[in-house]
Amino acid sequence: ARKVVLESLDDETELARLRMRVASLEDAVLGLREDLAVAVKALLVTKGAQQVVTPDEAEAWVSSNMRSVG
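Per the numbering used here, numbering through the sequence shown is continuous, rising by one, with the last residue being 210.
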């Protein structure tokens, strides 16, 4: 019985550790999405072929196409 209890505690500790790591990864992914949104806005605003997108248009595009999370 002691072995089962100790294994259970280890499993719970490992589960808590995994939950913390998943939460950390989720935060990192959300941060990367924000960084990507900034980069896309910068690319949309700079001169392309012959069309210049305003910062507001770039923000609107990013908001409608990239901000599905948060």
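We put the CB at the ideal spot given by N, CA and C, even for glycine.
Sub-8 angstroms separation of residue i and residue j beta-carbons
i    : j    : result
A198 : L176 : no
V202 : V180 : yes
R159 : M206 : no
Bounding residues of the alpha helix (DSSP H) (the contiguous stretch that carries residue i)
i    : result
T153 : 142 to 185
V202 : 195 to 206
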